[in-house]
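Trainee: Residues 57 to 828 (this note's numbering) make up the sequence shown, in order.
Built from N, CA and C at the ideal position, the CB exists for glycine as well.
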Amino acid sequence: MRKLVRACNFLAFALCFTANPAAAQFSDRPAPFPPADLELLDSTSAAHLESARRFLAERQWDEAVESIRRVIETDGEKLVEVTAGQNAIGFERFVPAAEYCQWRLAALAKEAPPALEHYRRLVDPLAEQWYRKGVAQRDQRLLERVVGQAYASRWGDDALLRLGDLALERGEPWLARAYWQRISAGLAPAPPIDAPLGYYPDTELPLADLRARLVLAALREGSLAQAEAQLDLLRTLNPEAKGTIAGQSGNYVDLLDRLLAEARTWPAPQTTDDWPTFAGNPRRNQVAAEGVDIAGRPLWSIPLPKIRAEREWIGSGRLRPADDGKALLSYHPVVVTDTVLMRYDTRQKSYVQALDLLTGRDLWSVDYRRGLRLADQPEDPDQPEEPDQPEEPPGDAPLETSDAHADLARHAGVARYTLTVSGGKAFVRMGSPVTAPGTTRRERWLAKDQGFLLGLDLATQGKRLEGFPIRPESKTWTFEGTPVSDGELLYVAMRRTDGARSQFYIAAFELPTTTVALDDSADDARPTGRLRWRTRICSSATLGGGDIDELSHLLLTLRGTSLFLNTNAGVVAAVSTEGQLRWLVRYPRATLSSGDPDRSDHQFFRDLTPCLAHNDLIIVAPADSERIFALRAASGELAWALPPGVAADAVHLLGVGHDTLVASGDWLYWIDADTGRLLFQFPQAGPGGAGQAAPSPRGFGRGVLAGSQIYFPTRESIFVFDQRPVKTEFGWQPQRRREIPLVPRGATGGNLVITGGVLLIATGDRLMAFGE
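1) Would you call P434 buried or exposed, if buried means 16 or more other Cβ atoms sit within 10 Å of its Cβ?
2) Going by other Cβ atoms of all chains shown within 10 Å of its Cβ, with 16 needed for buried, is D821 buried or exposed?
3) How big is the Cα-Cα spacing for Q659 and Q409?
4) Name, in chain order, the residues that DSSP records as bridge partners for W788.
5) Please state the DSSP three-state secondary structure of I350.
6) Please classify P443 as buried or exposed, where buried requires at least 16 neighbouring CB atoms within 10 angstroms.
7) Per the DSSP calculation, C157 is bridged to which residue(s)?
8) Using a Cβ-Cβ cut-off of 7 Å (strictly less than) and excluding sequence neighbours within five positions of W356, which residues of its own chain qualify?
9) The beta strand (DSSP E) that contains L135, what's its start and end?
10) Between which residues of its own chain and G713 is the CB-CB distance below 6 Å, once the five residues before and five after are set aside?
11) What are the boundary residues of the alpha helix (DSSP H) that includes L189?
12) Going by C-alpha to C-alpha distance, which of S596, G555, E529 and R557 sits closest to A563?
13) Kindly confirm or deny that the segment 395–402 and the segment 359–367 touch, where touching means at least three C-beta pairs closer than 8 Å.
14) Compare the C-alpha of I674 against each of L664, F685 and K298 and name the closest.
15) If you run the structure through DSSP and keep just helix, strand and coil, what is Q740?
16) Should the segment 330–347 be regarded as contacting the segment 807–814, the criterion being three or more beta carbon pairs within less than 8 Å?
17) Between the Cα of P377 and those of Y255, A465, R197 and D705, spot the shortest distance and give me the residue it belongs to.
18) Any contact of the segment 498–505 with the segment 614–629, i.e. 3+ C-beta pairs under 8 Å?
19) Can you look up G827 in the DSSP assignment and give me helix, strand or coil?
20) Which residues in the same chain have their Cβ closer than 7 Å to the Cβ of D213, if we skip the five residues on either side of it in sequence?
21) Between which residues of its own chain and G518 is the CB-CB distance below 8 Å, once the five residues before and five after are set aside?
22) Buried or exposed for P437, going by 16 or more other Cβ atoms inside 10 Å?
23) Alpha carbon to alpha carbon, what distance is there between D180 and I124?
24) Out of curiosity, what's the CA-to-CA distance linking A690 and E366?
25) What residue range does the alpha helix (DSSP H) around S863 cover?
26) Which ranges would you report for the alpha helix (DSSP H) in the segment 300–356 if only whole runs of at least 4 residues count?
27) Judging by CA-CA distance, which residue of E155, N337 and Q237 is the nearest neighbour of A208?
28) Please say whether L546 and L567 have beta carbons closer to each other than 8 Å?
29) Could you tell me the alpha carbon to alpha carbon distance between A677 and G701, rounded to whole angstroms?
30) Let me know if W322 comes out buried or exposed under the rule of 16 or more other beta-carbons within 10 Å of its beta-carbon.
31) Candidates D265, L316, A268 and L263: which alpha carbon is nearest A281's?
32) Let me know the secondary structure DSSP gives K298 once reduced to three states.
33) Name the two residues that bound the continuous beta strand (DSSP E) containing V121.
34) According to DSSP, simplified to helix, strand and coil, what is I145?
35) Determine the DSSP secondary structure at P77, reduced to helix, strand or coil.
36) Residue range of the beta strand (DSSP E) that A465 falls in?
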């Protein structure tokens, strides 16, 4: 009977949306989403590369080199596919044509050594100048110029060596490893046959020195198993090699043996009590310093506006994984120096509110239309009242349902609320949550109706930063989710809508150094933050299909000098903090079918799954793919992928602890972070598998990793497990430490944050704080 009811629901739903191309995919023979469109190398440049092959065959070295260099000069930013062994499961990897051509020039060492000699005579003098100046001034940009523009020169391997040294000094061992491994194919994790493109062809640098550096990088990263494996390789291949490593001179094996033994006794890395952005840090992989054994009653509690998903067509008639359509778990607080920051909407007004972590006292609130309100200062009685003036932010009284979706008809996606704090400044996307307006909205949408970026100075109780708000330059542009910052620039994903397709970009804006008074009258006159660069990623068909409003909240991942974007639209991309596209991967897209009432399509609810950075991996869970997979951060090469449909309900990547990726949705999953092997799930799946029926207990909200444990929320309890399951004769078994009942505490599950001995729970209608 249940299957019949569900089938009828889906049939009625499909009939309601046959006018919408995206909704029309609910059919007996659904078509998968088409691949994203990329700016590929055009036919003229491809002809130049083909001419180069012909010239090489005819031993015309200078003509061959010139043909390759012409592509660099004319179409260097276009993309070239360099997929190696990934097509079998539908992954395609692309790099800029300029980088591909540098690889082709390096490959001449084997194909046509005289041609490479000709090329080096042309570029070596300039490459040497860049290299020597870069080393003398410790200028990373000059060294990267050698690698980017003269990789095949005699100075390419030296530049990679120095770049790796600088990266290790900056605390980026994963990036150091990537630089060093490019010096020789023999240093790759799995040395390829016939050394493919991407490796320096004829280095004279001692490989023993590089292998010793790789051991040190793994130790600095805390990857002791990897360090031990690298050391074993060094012991086998170069047992007598000597040099200086980690400030000590002698036999490499002896020195690193002692260092490895010491590393086993090193204390765990210090972690901050702050939780300044979604998932705790810009890498989206924070582990709270320690857990909390909460008391019986909350320290404090404040109401939050309910947000419903009644007209959201993807979830219509379905159980949303780890969520509640009648009161969405959309709130994700951040905490900095004992201050809780919340972002929410009430009656079409956008707020940022600051609360004291221990007491819940309202410190200050900002509404973008009215300005700054200090909780300890009276309102100005002379301030004129305006028709659209917002009421005060919520106190203890219950709140009505928010109007976040009030002006929307049927729409795809729901509103989510996140913030980022960097350098004492808070950044947030405010205003409309719509990122791809449907046909009706596009006809009447004005610039003032769009979402925008707001920057607040926490040191002055939320005064607006100079240059903010930053608004899209036209109604075809929208900001995606909350930005991230490295202190110098503000980085954010952007979307440009063109009919039924969306173009995705990563943009960088300059940060101001001063604050200004919040004065509405100055909004129109104040210039926005200056756009430093904007890099196009792809064009793609998305869930909204162009006819209905689409709400999305894409978040960037920032790690060192690299930005990573999961578009949820067929593509994952890596871009440097200077705006250069490093690589792009097209993954196999899923089919939004649901003609089968037993098929959940749960992955389409992954609206807050930014890339997760772990060691040298980028772990991705796209909304439009049936796979969770990991890519090499430096190259985009596929490291592993779960089988299609495994952990499809996992709408949260909680983090990596003890070499274990923890993901959750209705179930909780333990996945080996290095191999992608599914170790266990809680509760265990029944005979029909994880996609057939909701588990009991069922996940409810986003959990958190703290210390060595996982806090997994359900509606009635929080279950606490060890991060790494134990291997037994019966397979991997999770270690359950305790269950924290929520109902006796007057609470339910929700999105968790643990900081400073306090557990925050953001439910669909309240923010609650529990202490020890």
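Mentor: Straight from the coordinates:
1) Translated into positions along the sequence shown, residue 434 becomes position 378. Low per-residue confidence applies at P434: pLDDT is 45, beneath 50, and the placement is therefore not dependable enough to give any value.
2) Within the sequence shown, residue 821 is the residue found at index 765, counting from 1. Classification of D821: buried, given that the 10 Å Cβ count is 16 or more.
3) Residue numbering aside, residue 659 sits at position 603 when the sequence shown is read from its first letter. Residue numbering aside, residue 409 sits at position 353 when the sequence shown is read from its first letter. Near 32 Å, if we compare the C-alpha coordinates of Q409 and Q659.
4) Counting from 1 along the sequence shown, the entry for residue 788 is found at position 732. DSSP lists K783 as partners of W788.
5) For this step, residue 350 is matched to residue 294 along the sequence shown. For I350, the secondary structure class from DSSP, reduced to helix, strand or coil, is coil.
6) Counting from one through the sequence shown, the residue named residue 443 turns up at place 387. Note on P443: pLDDT 32, under 50, position unreliable in the model; no value is reported.
7) Residue mapping note: residue 157 aligns to position 101 of the sequence shown, counting from 1. In the DSSP output, where bridge partners are listed per residue, C157 has none listed.
8) As a working mapping, residue 356 is identified with position 300 in the sequence shown. Only T415, G416 and A825 meet the Cβ criterion.
9) Position 79 of the sequence shown holds residue 135. Here the beta strand (DSSP E) through L135 covers L135 to E137.
10) Translated into the one-based positions of the sequence shown, residue 713 becomes position 657. Leaving aside the five residues that flank G713 on each side, the residues in its chain whose CB is nearer than 6 Å to its CB run, in chain order, V343, L761 and Q779.
11) Counting from 1 along the sequence shown, the entry for residue 189 is found at position 133. Before going on, a small fix: residue 189 reads as Lys here, not Leu. Looking at the DSSP string, the run of the alpha helix (DSSP H) that includes K189 is P169 to Q193.
12) By 1-based counting over the sequence shown, the position of residue 563 is 507. Of the listed residues, the one whose Cα sits closest to A563 is E529.
13) The way I'd put it, the segment 395–402 does touch the segment 359–367; three or more beta-carbon pairs between them come closer than 8 Å.
14) As a first step, residue 674 must be located in the sequence shown, where it is residue number 618. Per the C-alpha coordinates, the member of L664, F685 and K298 positioned closest to I674 is F685.
15) Numbered from 1 along the sequence shown, position 684 holds the residue referred to as residue 740. In this structure, Q740 counts as coil in the three-state DSSP scheme.
16) Result yes; three or more Cβ-Cβ pairs closer than 8 Å.
17) Here residue 377 refers to the residue found at position 321 when the sequence shown is read from its first residue. Out of Y255, A465, R197 and D705, D705 has the C-alpha closest to the C-alpha of P377.
18) As far as the Cβ criterion goes, the segment 498–505 does not touch the segment 614–629, which means the pair count is below three.
19) Residue mapping note: residue 827 aligns to position 771 of the sequence shown, counting from 1. Reduced to three states, the DSSP call for G827 is coil.
20) Locating residue 213 in the sequence shown gives position 157, counting from the first residue. For D213, where only same-chain residues beyond five positions count, the Cβ hits under 7 Å are I239, Y256, T259 and L261.
21) Within the sequence shown, residue 518 is the residue found at index 462, counting from 1. Closer than 8 Å at Cβ, skipping near neighbours: V408, A410, W420, S421, V422, L428, A482 and L512.
22) Within the sequence shown, numbered from 1, the residue matching residue 437 stands at position 381. Reliability fails at P437, whose pLDDT of 41 lies under 50, so the model's placement of it is uncertain and the value that follows must be treated cautiously. It counts as exposed.
23) Here residue 124 corresponds to residue number 68 of the sequence shown, with the count starting at 1. Here residue 180 corresponds to residue number 124 of the sequence shown, with the count starting at 1. The alpha-carbon atoms of I124 and D180 are separated by roughly 17 Å.
24) The residue given as residue 690 occupies position 634 in the sequence shown. The residue given as residue 366 occupies position 310 in the sequence shown. Straight-line Cα distance between these residues: approximately 42 Å.
25) Outside the shown range of the chain (57 to 828) lies residue 863, about which nothing can therefore be said.
26) Under the rule that a run must span 4 or more residues, the alpha helix (DSSP H) segments found entirely inside the segment 300–356 read 308–319.
27) On the sequence shown, position 152 is the one that residue 208 refers to. Taking only the C-alpha atoms, the option nearest A208 is E155.
28) Reading the sequence shown from its first residue, position 511 is the one you call residue 567. Reading the sequence shown from its first residue, position 490 is the one you call residue 546. Yes, Cβ-Cβ distance for L567 and L546 is below 8 Å.
29) Position 621 of the sequence shown, counting from 1, holds the residue named residue 677. Position 645 of the sequence shown, counting from 1, holds the residue named residue 701. Between the C-alpha atoms of A677 and G701 there is a straight-line separation of about 12 Å.
30) The sequence position of residue 322 within the sequence shown is 266, counting from 1. Per the 10 Å Cβ criterion, exposed.
31) What you label residue 281 is simply residue 225 of the sequence shown in a count that begins at 1. Per the C-alpha coordinates, the member of D265, L316, A268 and L263 positioned closest to A281 is L316.
32) For the purposes of this step, residue 298 is identified with residue 242 of the sequence shown, where counting begins at 1. Correct three-state label for K298: strand.
33) Working through the sequence shown from its first residue, we reach residue 121 at position 65. Under the DSSP assignment, V121 falls outside any beta strand (DSSP E), being part of the alpha helix (DSSP H) whose first and last residues are W117 to D131.
34) Locating residue 145 in the sequence shown gives position 89, counting from the first residue. Residue state, collapsed to three classes: helix.
35) Position 21 of the sequence shown holds residue 77. Here the model assigns P77 a pLDDT of 39, short of 50, so the residue's position is not dependable and the matter cannot be decided.
36) Position 409 of the sequence shown, counted from the start, is the residue given in the question as residue 465. Looking at the DSSP string, A465 is not in any beta strand (DSSP E), and its letter there is neither H nor E.
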